[in-house]
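Going by the working numbering, the sequence shown opens with residue 6, and the numbers climb by one from there.
Just so it is clear, CB atoms sit at the ideal spot from N, CA and C, and this is done for glycine as well.
Model, not experiment: these values are computed from the prediction.
This report concerns only the one structure given below.
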Amino acid sequence: MILRNLNVAASSLLTQQQAMDVISQNIANVNTPGYSRQTAQLASAVPDRIAGRDFGNGVNVSSIIRSIDPILAQSQMANNSLTSLAQTLQQGLANVEASFGNLDVPGLTTTLDDFFVAQQQLANTPEDPISRLNVQTRAQDIAIRVSGMRQQLVDGQTAADQEISPLITQTNNLLDQIAALNKRILVNESSAQLSNNANDLRDQRDTAVMELSKLIPLQKVATNNGGLILQTPGGDLLVQNDTVRHLKLGPAIGSSFGNVEFTDSGLPAQGLEQGGKLGGLISLRDNQVASYVQNLDSMAANLIFAVNQLHTGGTGSTVVTQYTAAQPSSNPATAVNVDANIPFASKIVNGSFTLHVLDGPPLTNPGGTAINITAGTTTLNQIATAISAVAGVTASVNASGQLVVDGGANRIAFTNDTSNFLAAYEINAFFHGSSAADFAVDSAVLNDAGRIASAAANATTSDIAPADNSVALAILGLRDKAVSIDGSTAASPVQRAANLASTYGLDVAAANQQLSYRQAEASSLASQRASISGVNMDEELVKMMQFQRAYEAAAKVIQTSNQMLDSLMGLIR
């Protein structure tokens, strides 16, 4: 029995030492990020059955476990991803804030309002050249504001896109690190020893997963053998045990940016925009900022075409004897409404416009001549031929594909275009372009404010009254008129600009609110983790004293048993 006592005490001595080693490890890592407090689980050794009785064999460490809450860890991982997403969106939206105006630069809505105020002044005093100059200036302000705003937004998209590739490299490095840790954990824990838990490696892996969740959204599944499976929210496999799938930034297609793809398949990774910094950049690039660009383009297109529809049927104070279409045809023998080179060709419908010859010899048709257009049939060459049939006027298509209408010494004008041909080909247009990207004031108007139309030729006599303000009033009416030429919801130009600014403001507010909530959630989850997995120095020191006392007691048992054994041996001798 003395020898058994020695063995039992020795097992206690070793076990208490192992338990104190675990406590020392905890104390050493009290400030280590991602470290989980470890606890030695003690269990009685399997007893010996002798003569119908169990004789104990002492104690051993059955396992060393980490103090963790898997559900809490899952919540932290998800919140990490959403916090990083919100933070990236907030920063990205702040980077394009200047596009929407500030105290130093007026916003788009203000710029449009100023233009329509100038248009009102022109309608009030159509004979005043200062009014035309004011309209010219305000129109140029719009063009500069719209094109500049679009460029700033596109720059914001480009900046986000340029951050994606380095983040993909970081993501792939973390995926490799996690896979390598998976392999080491599987090897270390394959031993039959129950206490052979790779706790420190598991902490390192969890820390790497948390870092990865800041970059991309993750779904995590633990396997029975200690491995870990990581997937995207769309179900795409990223890591399975020691197998890794790397990501890459695919090539840009046309004006679109490249997708984040898997290197092994070339297929897009699904669901990345749902979280992480990478998801935030993708969402900024392809969703938020892209929608601002799209809506700005829509506003510009509707403004350009609506103003041109009215302006092409008017005249200004300058005597104009020749008009050249600003939009060149790709093939003048093609029907005008399907010309691939004309942005608004599809808006041309069956109808006509009236050509007026205002000067020269007695007119055979003082009310003007109608030039008929049949969509799908009439070509630019045919229109030139029809115009040339009007006395005193010639028309041709020049080498650049532009229609040139020449009255020679005669002043000419257009009215009543029900076909939209003049606006589509920008003949006597006010604005040029088809989106915010190429938005500009027509070069003729920009060079001569007298080309700004405020009046229209009389439908019966072709006369132009100097005080006529009909076209100026019609353009002014667009301020509150809801129009749509691109399938978007009909709205006035000012309302479209206001909606764009409002959408941006709501996106900023949502990002700020989400970030504030996620940061508060992160703080709460961190506190919960600290209470479960963190190292409390006071508790560890108390445990150290307990195991130390047990160690001392075991040593005392060994000492006493040894004395008893010595006494017994002395009696024998």
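Check	Outcome
So lysine 225 is in the beta strand (DSSP E); what residue range does that whole segment cover?	224-227
Report back the beta-carbon spacing between leucine 77 and glutamine 533 to the nearest angstrom; my notes put them in contact at under 8 Å.	6 Å
Write down the C-beta distance between leucine 315 and isoleucine 480 rounded to the nearest angstrom, noting that I regard them as a contact closer than 8 Å.	5 Å
Across which residues does DSSP place glutamate 266 in a beta bridge pair?	Lys253, Pro273
For my contact list, arginine 290 and aspartate 160 are in at a C-beta cut-off of 8 Å; report their separation, rounded to the angstrom.	About 12 Å separates the two Cβ atoms, so there is no contact after all.
Mapping DSSP to helix, strand and coil, what is phenylalanine 552?	helix
For the pair the region 255-273 and the region 460-471, tell me if three or more CB-CB distances fall below 8 Å.	no
Please state the DSSP three-state secondary structure of aspartate 53.	strand
Can at least three beta-carbon pairs, one atom from the region 407-414 and one from the region 329-341, be found at a separation below 8 Å?	yes
Whose C-beta lies closer than 6 Å to the C-beta of alanine 400 among residues of the same chain, with five residues either side of it excluded?	Ala389, Ile392, Ser393, Val410
May I ask you to report which of helix, strand or coil DSSP gives alanine 400?	strand
Leaving aside the five residues before and after aspartate 364 along the sequence, list all residues of the same chain whose C-beta is less than 6 Å from its C-beta, in chain order.	Asn415, Arg416
Using the Cβ count rule (16 or more neighbours within 10 Å means buried), how would you classify threonine 359?	buried
Should leucine 217 be labelled buried (16 or more other beta-carbon atoms within 10 Å of its own) or exposed?	buried
Let me confirm a value: asparagine 342 is counted as buried when at least 16 other C-beta atoms fall within 10 Å, else exposed. Which label applies?	buried
Hey, could you find the ends of the alpha helix (DSSP H) alanine 144 is sitting in?	134-193
Please report the distance separating the alpha-carbon of alanine 560 from that of asparagine 193.	32 Å
Checking the sheet assignment: what are the DSSP bridge partners for serine 68?	Gln46
Just mark glutamine 81 as buried or exposed, buried being the case when its beta carbon has 16 or more other beta carbons within 10 Å.	buried
Evaluate contact between the region 176-188 and the region 202-217, counting only Cβ atoms and requiring at least three cross-stretch pairs below 8 Å.	yes
Please identify the residue among Ala375, Ser493, Ser459 whose C-alpha is closest to the C-alpha of glutamine 125.	Ser459
How about asparagine 202 and isoleucine 28: are their beta carbons less than 9 Å apart?	no
Helix, strand or coil for serine 439? Go by DSSP, reduced to three states.	coil
Going by other Cβ atoms of all chains shown within 10 Å of its Cβ, with 16 needed for buried, is asparagine 129 buried or exposed?	exposed
Under the three-state reduction of DSSP, which class applies to threonine 320: helix, strand or coil?	strand
For serine 497 and arginine 484, which I take to be in contact (beta-carbon distance under 8 Å), what is that distance rounded to the nearest angstrom?	6 Å
Beta-carbon within less than 8 Å of glutamine 293's beta-carbon, same chain only, minus the 5 sequence neighbours each way: which residues are those?	Leu94, Gly97, Leu98, Asp512
Alpha carbon to alpha carbon, how far is isoleucine 563 from serine 17?	10 Å
Hey, is the region 295-308 in contact with the region 417-424, meaning 3+ C-beta pairs nearer than 8 Å?	no
If you draw a straight line from the alpha carbon of alanine 24 to that of alanine 558, how long is it in whole angstroms?	15 Å
Does the beta-carbon of arginine 58 have 16 or more other beta-carbons within 10 angstroms, so that it is buried, or is it exposed?	exposed
What did DSSP end up calling valine 409 once you bin it into helix, strand or coil?	strand
Have a look at the DSSP bridge pairing and note the partners of threonine 359.	Ala375, Thr420
Counting only the same chain and skipping the five closest in sequence on each side, list residues whose C-beta sits under 8 Å from that of valine 402.	Ser334, Pro337, Leu385, Asn386, Ala389, Leu408, Val409
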